[in-house]
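**Student:** Using the working numbering, read the sequence shown as starting at 277 and increasing by one per residue. Glycine is no exception: its CB is placed at the ideal position from the N, C-alpha and C atoms. One structure coming up, written as structure tokens, with questions to follow.
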Amino acid sequence: MTISPPKTSTGSTGSSYDIAVIGAGPGGYVAAIRAAQMGARVLVIEKDELGGTCLNWGCIPTKAFLSDVKPLRRIKISSVYEGKEGLSLNLKKMVNRKNEVVSTMVDGIAILFKSNHIHRVRGVASFLDSKTIGVAQDGKQETYTAKGIIIATGSTAGTIPALNIDGRKVLSTNDILTIPKIPRDLVIIGGGAIGIQFATIFNALGTEVTVVEMLPKILATEDDEVIRRLQREDDEVIRRLQRVLEGDGITILTDVEVPGGRPKGNKVEIEFQEKSGGKSQLRVEKVLIATARTPCTEGLGLETIGCRMEGKRQNGNQCGWGVCRWRRNREDDVRPCGLGRGGYCCGEHHGKIARNRLPQNPDLCLHAS
Ligand SMILES: Cc1cc2nc3c(=O)[nH]c(=O)nc-3n(C[C@H](O)[C@H](O)[C@H](O)COP(=O)(O)OP(=O)(O)OC[C@H]3O[C@@H](n4cnc5c(N)ncnc54)[C@H](O)[C@@H]3O)c2cc1C
Numbered sequence: 277m278t279i280s281p282p283k284t285s286t287g288s289t290g291s292s293y294d295i296a297v298i299g300a301g302p303g304g305y306v307a308a309i310r311a312a313q314m315g316a317r318v319l320v321i322e323k324d325e326l327g328g329t330c331l332n333w334g335c336i337p338t339k340a341f342l343s344d345v346k347p348l349r350r351i352k353i354s355s356v357y358e359g360k361e362g363l364s365l366n367l368k369k370m371v372n373r374k375n376e377v378v379s380t381m382v383d384g385i386a387i388l389f390k391s392n393h394i395h396r397v398r399g400v401a402s403f404l405d406s407k408t409i410g411v412a413q414d415g416k417q418e419t420y421t422a423k424g425i426i427i428a429t430g431s432t433a434g435t436i437p438a439l440n441i442d443g444r445k446v447l448s449t450n451d452i453l454t455i456p457k458i459p460r461d462l463v464i465i466g467g468g469a470i471g472i473q474f475a476t477i478f479n480a481l482g483t484e485v486t487v488v489e490m491l492p493k494i495l496a497t498e499d500d501e502v503i504r505r506l507q508r509e510d511d512e513v514i515r516r517l518q519r520v521l522e523g524d525g526i527t528i529l530t531d532v533e534v535p536g537g538r539p540k541g542n543k544v545e546i547e548f549q550e551k552s553g554g555k556s557q558l559r560v561e562k563v564l565i566a567t568a569r570t571p572c573t574e575g576l577g578l579e580t581i582g583c584r585m586e587g588k589r590q591n592g593n594q595c596g597w598g599v600c601r602w603r604r605n606r607e608d609d610v611r612p613c614g615l616g617r618g619g620y621c622c623g624e625h626h627g628k629i630a631r632n633r634l635p636q637n638p639d640l641c642l643h644a645s
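Written out as structure tokens, the structure reads:
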């Protein structure tokens, strides 16, 4: 692929670019900025906010909350502070601070886009053919063409067949970031990195937290490098972490599935099915679904360009992190990166690979590992 010198784009329908990036999460925005720095005319199509899951509903909001609760936890376990029983956090202020942190970072990406002459279009992208993207917004559709296209569409919050997310009692990981009141008790379904982060946050806020994990241990599906390191130490790190969490008062149930659940008055009744055969129930104020996320590919028109997802499917028609593989149509220059690619790794890493390979080595294709 030959890269033409960057020009200021009018961005009108029919505009043509060297590279179009679908999705402005860490996978997409990093790839876009690098490609622009290498001299490409770049278009980024994002249906929501710049920064994707990571900045708006993932890493950054949870880290903002974790940094708020950390001092409280330290004081609570310290033997030298007095009057600590009366200490509490103001959830409303936490949410406001988190929103400020997020919007500062989102604005930062907008500035980077501007300074690198990246044209951003708001709307839902879908392939019309392997070089043409339709962008739908407010009932209108515009089209753009590009010599190379990076798919960085990421993933959406996980769901389970047993419980419908209603945003009030049964929450997604997006919903819980704006929860108006600290719940008395909370069941978190999914003991991966996301579930454990929320367990730590709400435990520190005084909520009675139960984590339910269907696998034999928590954090069982973390990325390969972490797993390798942990296994070298014979899972001792996970066991130690579990002991610390339990010491803080978090209940952790492993080898337990949730086959059903239903709203009961102002609570939710959850069923637990142990692998060993035992059954039990719990009534709680809130349930958080923190199970494997779903790659965001619906409506993208992958079939139009001969791309497909493959791999193990979970929960009917959902693909979990790290189980989907992309096949690139070798005749075209369409590459997946980040979570849209199905890998577990942070999108930014794949964005860097995509951006570096696209202009220099168009024959290289990103394979899911
Ligand atoms: C609660 C939570 C905490 C997390 N904590 C961490 C952490 O501490 N560390 C870490 O490394 N990772 C963490 N993650 C994971 C991290 O958020 C993801 O790895 C990262 O966001 C993936 O980047 P991405 O660019 O692939 O996808 P995303 O960030 O999901 O971005 C994809 C973007 O594409 C857009 N899009 C999708 N389809 C279309 C379309 N058809 N047209 C236009 N736009 C579209 C979406 O709106 C979205 O903005 C966390 C995730 C969650 C949910």
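1) Looking at the unbroken beta strand (DSSP E) that takes in lysine 543, where does it start and where does it end?
2) Does valine 485 pass the burial test, meaning 16 or more other C-beta atoms within 10 Å, or should it be called exposed?
3) Tell me where the beta strand (DSSP E) around aspartate 344 begins and ends.
4) For leucine 576 and glycine 328, I'd like the C-alpha separation in whole angstroms.
5) Do the segment 316 to 325 and the segment 432 to 452 meet, that is, are 3 or more Cβ pairs less than 8 Å apart?
6) Would you be able to state if there are at least three C-beta pairs under 8 Å between the segment 382 to 394 and the segment 297 to 310?
7) Please determine, among Glu574, Ile295 and Ala568, the residue with the shortest C-alpha to C-alpha distance to proline 437.
8) Among Arg515, Lys423, Ser364 and Leu521, which residue has its Cα nearest to the Cα of glycine 471?
9) Between which two residues does the alpha helix (DSSP H) holding aspartate 383 run?
10) Would you please state the rounded distance, in angstroms, between the beta carbons of isoleucine 426 and isoleucine 295? I believe it to be under 8 Å.
11) Helix, strand or coil: which one does DSSP assign to glycine 299?
12) Put leucine 363 into one of helix, strand or coil per three-state DSSP.
13) Kindly examine ligand 1 and report whether one of its heavy atoms sits closer than 6 Å to the Cβ of glutamate 545.
14) Which class does valine 488 belong to by DSSP, given the choice of helix, strand or coil?
15) Is serine 552 buried or exposed, if buried means 16 or more other CB atoms sit within 10 Å of its CB?
16) Exposed or buried, which one is glutamate 550 when buried takes at least 16 other CB atoms within 10 Å?
17) Between the beta-carbon of leucine 367 and the beta-carbon of phenylalanine 474, is there less than 7 Å?
18) Report the rounded CA-to-CA distance for glycine 618 versus proline 302, giving the unit in angstroms.
19) Nearest-angstrom Cα distance between lysine 352 and leucine 365?
20) Can you tell me which of Ile465, Leu578, Lys416 and Ile514 puts its alpha carbon nearest to the alpha carbon of valine 532?
21) Taking lysine 457 as the reference, which of Val371, Ile336, Leu326 and Ala340 has the closest Cα?
**Tutor:** Walking through what the data contain:
1) For the purposes of this step, residue 543 is identified with residue 267 of the sequence shown, where counting begins at 1. Taken as a continuous stretch (DSSP letters only), the beta strand (DSSP E) holding lysine 543 covers 543 to 550.
2) Here residue 485 corresponds to residue number 209 of the sequence shown, with the count starting at 1. Counting every other CB atom within 10 Å of its CB across the protein chains shown gives valine 485 a total of 16 or more, marking it as buried.
3) To locate residue 344, count along the sequence shown from 1; it is residue 68. Looking at the DSSP string, aspartate 344 is not in any beta strand (DSSP E); the run it does join, the alpha helix (DSSP H), is 335 to 353.
4) Looking up residue 576 in the sequence shown gives position 300. Looking up residue 328 in the sequence shown gives position 52. C-alpha separation (whole angstroms): 17 Å.
5) no
6) yes
7) If you number the sequence shown from 1, residue 437 lands on position 161. Ranking the options by Cα distance to proline 437, first place goes to Ala568.
8) Stepping through the sequence shown from its first residue, residue 471 is reached at position 195. Checked all of Arg515, Lys423, Ser364 and Leu521; the closest Cα to glycine 471 is Leu521.
9) As a first step, residue 383 is located in the sequence shown; it is residue number 107 there, counting from the start. 367 to 391 is the span of the alpha helix (DSSP H), which, as asked, contains aspartate 383.
10) Taking the first residue of the sequence shown as position 1, residue 426 is located at position 150. Taking the first residue of the sequence shown as position 1, residue 295 is located at position 19. With 8 Å as the limit, isoleucine 426 and isoleucine 295 qualify as a contact, their Cβ atoms being about 7 Å apart.
11) Sequence index remark: in the sequence shown, residue 299 carries index 23 (1-based). Correct three-state label for glycine 299: coil.
12) Within the sequence shown, residue 363 is the residue found at index 87, counting from 1. In the displayed model, leucine 363 falls within coil according to three-state DSSP, outside both helix and strand.
13) Here residue 545 refers to the residue found at position 269 of the sequence shown. No, ligand 1 has no heavy atom inside 6 Å of this Cβ.
14) By one-based count along the sequence shown, residue 488 stands at place 212. Valine 488 falls in the strand class under three-state DSSP.
15) By 1-based counting over the sequence shown, the position of residue 552 is 276. With fewer than 16 other Cβ atoms within 10 Å, it is exposed.
16) One-based indexing of the sequence shown puts residue 550 at position 274. When all chains shown are included, glutamate 550 counts as exposed.
17) As a working mapping, residue 367 is identified with position 91 in the sequence shown. As a working mapping, residue 474 is identified with position 198 in the sequence shown. Cβ distance not < 7 Å, so leucine 367 and phenylalanine 474 don't count as in contact.
18) Within the sequence shown, the letter at position 342 stands for residue 618. Within the sequence shown, the letter at position 26 stands for residue 302. For glycine 618, the predicted structure reports a pLDDT of 38, less than 50, and the residue's modelled location is therefore unreliable. A value from the coordinates is still provided. In a straight line, the C-alpha of glycine 618 is about 14 Å away from that of proline 302.
19) The count along the sequence shown starts at 1 and reaches residue 352 at position 76. The count along the sequence shown starts at 1 and reaches residue 365 at position 89. Their Cα atoms are separated by approximately 12 Å.
20) Looking up residue 532 in the sequence shown gives position 256. Per the Cα distances, Ile465.
21) Looking up residue 457 in the sequence shown gives position 181. Just measuring C-alpha positions, the residue of Val371, Ile336, Leu326 and Ala340 sitting nearest lysine 457 is Val371.
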